[in-house]
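**Q** Here the protein sequences come in this chain order: A and B.
Convert by adding 646 to the 1-based position in the first sequence; the result is the number in my numbering.
Convert by adding 1 to the 1-based position in the second sequence; the result is the number in my numbering.
This is the structure, below, for whatever I ask next.
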Amino acid sequence: MAADPAKEAAIAGIGLSRFGRGLPESQLALAAVAFKGALADAGTRREEVDGLSIHLGSPLGVDYDRFAEAFDLDIVYVNQSWLHGRFVSHALQSAALAVTNGLARCVACVTAISFTRERQILGGPGDIEGGREEGGTHGESPPYGLTSPAAGAALAMQRYMALYGATSADLAAVPVAMRKHASLNPGAVMRTPITLEDHQSARMIVDPLRLLDCCLITDGAVVALVTTLERARDLKEKPVRIAGMQGMRAGREEFIFAPRGLGINQQKEGRGPAREKDLAIYRRSGIGREAVRGFYTYDAFSPLVLFALERFGFCGAGEAATFVQGGRIELGGALPVNTSGGLLSEAHVGGWNSIAEIVRQLRGSAGIRQIPGADCLQWGTVWGDSILFRN
Amino acid sequence: MTAKARPLPRIGPDSAPFWEAAKEGRLSLPWCLLCNRPHLPPGPLCPFCLGERLEWRPASGRGVVSSWTRVHKAWFPAFEGDIPYVVAQIELAEGPRLTAGLFDLGALGPRVGQSVAVDFERVTAEIALPRFRPAPEVLAASPRAGIGECPVWDAQKERLYWIDIAGRRMHRNDAAGRFDGNWALPHGLGSFALRTGGGMIAAWAAGLGLIDPEAGEFTDIPSGAPGIGPDFALERFNDGASDRRGRFWAGTLARNLKDPVGRLYRIDPDLSVHPMADGLVLSNGIAWSLDDRTMYHCDSGLSAVFQYPFDLASGAIGERRVFADFASRRGRPDGCTVDAEGHLWVAAVEAGELLRFAPSGALAGSLNFPVSTPTSLAFGDSDLRTLYVTSLRRDGTTEEDAGRLFALRPGVAGVPEPRFRG
């Protein structure tokens, strides 16, 4: 990344609404709380915000035009991605590209969602995802009764288990770790610790995924203000630098909820070590994987954590089910993952609850969850996109 | 759409031919006329070479399960009544993968690697959805036997041997399932087992022998003194198999197929013959539990699978009791084998079914067979995951494939076949 602070992006402020289930507020009301919180956090004014990067629009979230209108903003740059959780880093990356290229001075990355009010969108009759372009890219296929994104993760995990001998009990280490982290987070929705036995006795949802392998359905909002490092240094809080990034992968060899080469959808079979192309973020940023003190990922379903770890080479193909055992991904372990509880236990705010946690960790304000010496954290997902954050 | 309406495929110009064919009960794929490859999902051009000339061609409808899930939650009211149901990704024989329904097979699957064939489920007047079911594949190049029997996988040679009792021939298929040789036999052969040192022990209709059909060698050995060995005026040898101490077991059938004069014999490595059980009518498949504490034995005449307590060290068997009674079931038990999960597979001849029993005797699954007369089965191939099934051909049958050898990837492995140590 460039040494020129005008050419480097940073998160200058973060704001959160409360997270919960069945919250009475509108998405816009949740967004208002998060937006004002982010402005206050950064010590800046809304007049400074001239860009919007919307992760999830209406009806689940808020569209950019309504957001700008509601808060009387004067916007010159907009990005809004399709209604999918996967576009977390896309929203941040668009903001970073905009501010470092002079398209905007400060971009508000906005995620404000009410999953509980719009519940039928998730795999129900209101979900148009499965009908997209001859079949959903999650692997949904509503005519056959595959109507939830969970099905795609289930298909991938089922094959992963058959190929590598991993078991549902192995998978339990992921939700158990997430819940342990959530238990240390007063803002988390699910805080009661769970055990392997709880996981194994939880009801099956889409074999092999049990209830505890599926994320929460919640409401909440997060706003992150992205500006240049140069400007961020003039603001109130210590900037969280975007030190490296790489985009999402797509192609016949990619399936959103599977590692490459697993043999799902039209993927060829034959898995190898992580590709150089997928590790480019480390090379381009000059930050090695060994510098990463904590890993944050989109844990909508527990297998996604395994697949993301393999994608970024933290372990080899088929090894993640073993890698995550013994507390390795828990706070205190070698590679803590989603230290605020993730989508599985903190809340499903489209992954932005974890972005907020990254900011807290790099500011050293994560309290009892603080990773000692946290100076470099990675967001990386099963679908290959990633951002390296530094303080 | 109403809440109860079933979601239908979204049909566009590129996918319309797929659904047109499905409506007529055919699976069809778009092939590129330039690079001659099929693809899915249907696109406007070939994703591999970007060739624009596509041709829809009938697909074989065969494939293997590459992954599956069983849905337990009702996201869609329309599927509430079906829960739990199975959806799979099928890797078609032509290469592309397809998401589709899969008939739930209980304990027989679904399993990754299981071979399946397409069927269709009509959901509206205009729409039929592919739905797959497990499918034995006929090894069409293999000869049509009169009475195909005794498939035995030779792991050393990677060959499958099987016999045609009526045609007095031994057949051989290679590891790819291709028929690759056959040999005339001097007598009617009931069964055989591979020997440790090469060649086979044969249970002829009226005697025992050490044979090597590929080398043209046939040596008779004694089949027991009078009163000990079979009385070939009344009985003749039928199916047999080796236990894990290398003893060969073969039973006999009553020549009149009526009187209980058949017996079960044990031939030890020293070639001594020991009568072990009597009162049989049509002795057939023999197999052992994985812990070698139970011997399974089919009698097609008595229409039952029996089990005996078995002592591997001494080769002694205890009191016989019924493991699976076919009195209330279609067909009769013929050949059998035990899989790596300890379940017993039985070919139900005349029922056109393969049955899989749990060690408790409970039926754990059944599979419709393409012909009504499967006779015997054996796991083979380097991974022991192909189930080879022989069949017989009745005079006057209209079943085109009766008598042929079939192969099936049931998704479960077999265990290596022990060899006769004599």
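For glycine and all other residues, C-beta sits at the position ideal for the given N, C-alpha and C.
Measuring alpha carbon to alpha carbon, tell me which of A:Ser727, A:Glu693, A:Val708, A:His701 ends up nearest leucine 719 of chain A.
**A** The sequence position of residue 719 of chain A within the first sequence is 73, counting from 1. Of A:Ser727, A:Glu693, A:Val708, A:His701, the residue nearest in Cα terms is A:Glu693.
**Q** Answer yes or no: does any C-beta atom of chain A fall closer than 9 Å to that of alanine 108 of chain B?
**A** Walking along the second sequence from the start, residue 108 of chain B turns up at place 107. Because alanine 108 of chain B sits at a pLDDT of 44, beneath the cut-off of 50, its placement in the model cannot be relied upon, and the following sentence gives the value as read from the coordinates. It does not: the Cβ of alanine 108 of chain B has no partner Cβ on chain A nearer than 9 Å.
**Q** What does alanine 129 of chain B pair with, by DSSP beta-bridge criteria?
**A** Your numbering for residue 129 of chain B matches position 128 in the second sequence. According to DSSP, which records beta bridges pairwise, alanine 129 of chain B is partnered with B:Arg123.
**Q** Please list the residues of the segment 263-292 of chain B that have a C-beta atom closer than 9 Å to any C-beta atom in chain A, keeping them in chain order.
**A** From the segment 263-292 of chain B, no residue has a Cβ closer than 9 Å to chain A.
**Q** Output yes if chain B places a C-beta closer than 9 Å to the C-beta of leucine 817 of chain A; else output no.
**A** Within the first sequence, the letter at position 171 stands for residue 817 of chain A. Judged by the 9 Å Cβ criterion, leucine 817 of chain A is not in contact with chain B.
**Q** Go ahead and label glutamate 786 of chain A buried or exposed: buried means 16 or more other beta carbons lie within 10 angstroms of its beta carbon, across all protein chains shown.
**A** Along the first sequence, read from residue 1 onward, the residue named residue 786 of chain A stands at position 140. So glutamate 786 of chain A ends up on the buried side.
**Q** Just to check my reading of the structure: glutamine 673 of chain A and alanine 812 of chain A have Cβ atoms closer than 8 Å, yes? What is that Cβ distance to the nearest angstrom?
**A** For the purposes of this step, residue 673 of chain A is taken as residue 27 along the first sequence, with counting starting at 1. For the purposes of this step, residue 812 of chain A is taken as residue 166 along the first sequence, with counting starting at 1. That belief does not hold up - the Cβ atoms of glutamine 673 of chain A and alanine 812 of chain A are roughly 38 Å apart, past 8 Å.
**Q** Sorted by chain position, which residues of the same chain lie with C-beta nearer than 6 Å to arginine 917 of chain A's C-beta, five sequence neighbours on each side aside?
**A** For the purposes of this step, residue 917 of chain A is taken as the residue at position 271 of the first sequence. Excluding positions up to five away in sequence, the list reads Gly907, Ala963.
**Q** Compile a chain-ordered list of the residues in the segment 78-91 of chain B whose CB is closer than 9 Å to at least one CB of chain A.
**A** For the segment 78-91 of chain B, which is checked against every Cβ of chain A, the residues closer than 9 Å are Pro78, Ala79, Phe80, Asp83, Ile84, Pro85, Tyr86, Val87, Val88, Ala89, Gln90.
**Q** Would the beta-carbon of valine 413 of chain B fall within 9 Å of that of leucine 809 of chain A?
**A** Position 412 of the second sequence, counting from 1, holds the residue named residue 413 of chain B. Position 163 of the first sequence, counting from 1, holds the residue named residue 809 of chain A. Going by C-beta atoms, valine 413 of chain B is not nearer than 9 Å to leucine 809 of chain A.
**Q** Would you report the Cα separation of alanine 878 of chain A and threonine 985 of chain A, rounded to the nearest angstrom?
**A** Residue numbering aside, residue 878 of chain A sits at position 232 when the first sequence is read from its first letter. Residue numbering aside, residue 985 of chain A sits at position 339 when the first sequence is read from its first letter. Their backbone Cα atoms lie some 25 Å apart in a straight line.
**Q** Between which two residues does the beta strand (DSSP E) containing phenylalanine 969 of chain A stretch?
**A** Here residue 969 of chain A refers to the residue found at position 323 of the first sequence. Element bounds for phenylalanine 969 of chain A: not the beta strand (DSSP E) but the alpha helix (DSSP H), 966-969.
**Q** Using a Cβ cut-off of 8 Å, pull out every chain B residue sitting near leucine 792 of chain A, in sequence order please.
**A** Against the first sequence, residue 792 of chain A aligns to sequence position 146. In chain order: Thr70, Val72, Val88, Thr100.
**Q** Which residues in the same chain have their Cβ closer than 7 Å to the Cβ of arginine 179 of chain B, if we skip the five residues on either side of it in sequence?
**A** Translated into the one-based positions of the second sequence, residue 179 of chain B becomes position 178. Result list for arginine 179 of chain B: Ala142, in chain order.
**Q** Leaving out five residues before and five after arginine 134 of chain B in sequence, what residues of the same chain have Cβ atoms less than 7 Å from its Cβ?
**A** As a working mapping, residue 134 of chain B is identified with position 133 in the second sequence. Answer for arginine 134 of chain B: Phe104, Val117, Ala118, Asp120, listed in chain order.
**Q** I'd like to know if the segment 199-218 of chain B and the segment 334-348 of chain B are in contact, where contact means that at least 3 CB-CB pairs between them fall below 8 Å.
**A** No, the segment 199-218 of chain B is not in contact with the segment 334-348 of chain B.
**Q** Who are the neighbours of valine 852 of chain A on chain B, taking C-beta pairs under 8 Å?
**A** Here residue 852 of chain A refers to the residue found at position 206 when the first sequence is read from its first residue. Going along chain B in sequence order, the residues near valine 852 of chain A (Cβ under 8 Å) are Thr70, Arg71, Val72, His73, Lys74.
**Q** Could you confirm whether any beta carbon from chain A is found closer than 9 Å to the beta carbon of valine 117 of chain B?
**A** The residue labelled residue 117 of chain B in the question sits at position 116 within the second sequence. Cβ-Cβ to chain A under 9 Å: no for valine 117 of chain B.
**Q** For alanine 146 of chain B and alanine 408 of chain B, I'd like the C-alpha separation in whole angstroms.
**A** Mapped onto the second sequence, residue 146 of chain B falls at position 145. Mapped onto the second sequence, residue 408 of chain B falls at position 407. Each residue's alpha carbon lies about 15 Å from the other.
**Q** Under 8 Å between beta-carbons, which chain B residues line up against arginine 898 of chain A? List them in chain order, please.
**A** Taking the first sequence and counting its residues from 1, the one referred to as residue 898 of chain A is at position 252. Within 8 Å Cβ-Cβ: Pro48.
**Q** Shortest alpha-carbon distance to tryptophan 163 of chain B belongs to which of B:Ala156, B:Ala176, B:Phe193?
**A** Taking the first residue of the second sequence as 1, we reach residue 163 of chain B at position 162. Nearest of B:Ala156, B:Ala176, B:Phe193 to tryptophan 163 of chain B, Cα basis: B:Phe193.
**Q** Between the C-alpha atoms of alanine 652 of chain A and asparagine 747 of chain A, what's the straight-line distance to the nearest angstrom?
**A** Residue mapping note: residue 652 of chain A aligns to position 6 of the first sequence, counting from 1. Residue mapping note: residue 747 of chain A aligns to position 101 of the first sequence, counting from 1. Going from the Cα of alanine 652 of chain A to the Cα of asparagine 747 of chain A covers about 9 Å.
**Q** So with CB distances below 8 Å, who are the chain A contacts of leucine 130 of chain B?
**A** As a first step, residue 130 of chain B is located in the second sequence; it is residue number 129 there, counting from the start. What leucine 130 of chain B touches in chain A: Pro789, Tyr790.
**Q** Is arginine 112 of chain B close to chain A? Criterion is C-beta to C-beta, closer than 9 Å.
**A** Numbered from its first residue, the second sequence carries residue 112 of chain B at position 111. At least one chain A Cβ lies under 9 Å of arginine 112 of chain B.
**Q** Just how far apart, CA to CA, sit alanine 819 of chain A and aspartate 844 of chain A?
**A** Locating residue 819 of chain A in the first sequence gives position 173, counting from the first residue. Locating residue 844 of chain A in the first sequence gives position 198, counting from the first residue. Their Cα atoms are separated by approximately 11 Å.
**Q** Taking 9 Å as the cut-off, decide whether the C-beta atoms of serine 948 of chain A and leucine 817 of chain A are in contact.
**A** Here residue 948 of chain A is taken as the residue at index 302 of the first sequence, counted from 1. Here residue 817 of chain A is taken as the residue at index 171 of the first sequence, counted from 1. In this structure, leucine 817 of chain A lies closer than 9 Å to serine 948 of chain A by Cβ.
**Q** Around the Cβ of tryptophan 33 of chain B, are there at least 16 other Cβ atoms within 10 angstroms (buried) or fewer (exposed)?
**A** Taking the second sequence and counting its residues from 1, one reaches residue 33 of chain B at position 32. First, the amino acid is wrong: residue 33 of chain B is cysteine here, not tryptophan. Buried, because 16 or more other Cβ atoms sit within 10 Å of the Cβ of cysteine 33 of chain B.
**Q** Taking 8 Å as the limit between beta carbons, can you name the residues of its chain near valine 124 of chain B, skipping five residues before and five after?
**A** The count along the second sequence starts at 1 and reaches residue 124 of chain B at position 123. These residues qualify, in order along the chain: Arg7, Leu9, Leu130.
**Q** Quick check on phenylalanine 380 of chain B: does DSSP put it in helix, strand or coil?
**A** As a first step, residue 380 of chain B is located in the second sequence; it is residue number 379 there, counting from the start. Correct three-state label for phenylalanine 380 of chain B: strand.
**Q** When Cβ atoms are compared, which residues of the segment 8-33 of chain B fall closer than 8 Å to chain A?
**A** Cβ contacts with chain A come from Pro8, Leu9, Pro10, Arg11, Gly13, Asp15, Ser16.
**Q** Could you name the residues that DSSP lists as bridge partners for arginine 1045 of chain A?
**A** Coverage of chain A is limited to positions 647 through 1037, which leaves residue 1045 of chain A absent and any answer about it impossible.
**Q** Since serine 760 of chain A sits in a beta bridge, which residues does DSSP pair it with?
**A** By 1-based counting over the first sequence, the position of residue 760 of chain A is 114. Looking at the DSSP assignment, serine 760 of chain A forms a beta bridge with A:Asp865.
**Q** Using a beta-carbon distance cut-off of less than 8 Å, what residues from the segment 135-162 of chain B approach chain A?
**A** Against chain A - using a Cβ distance shorter than 8 Å - the segment 135-162 of chain B contributes no residues.
**Q** Can you find the residues in the same chain that come closer than 7 Å, C-beta to C-beta, to alanine 108 of chain B, ignoring five residues on each side of it along the sequence?
**A** Within the second sequence, the letter at position 107 stands for residue 108 of chain B. Summary for alanine 108 of chain B: the model assigns pLDDT 44, below 50, so the residue's position carries little reliability, and this model does not support an answer.
**Q** So, using beta-carbon positions, are lysine 826 of chain A and leucine 981 of chain A closer together than 9 Å?
**A** Taking the first residue of the first sequence as position 1, residue 826 of chain A is located at position 180. Taking the first residue of the first sequence as position 1, residue 981 of chain A is located at position 335. No; because the gap between Cβ atoms is not below 9 Å, this pair is not in contact.
**Q** Please classify tryptophan 1025 of chain A as buried or exposed, where buried requires at least 16 neighbouring CB atoms within 10 angstroms.
**A** Locating residue 1025 of chain A in the first sequence gives position 379, where the first residue counts as 1. When all chains shown are included, tryptophan 1025 of chain A counts as buried.
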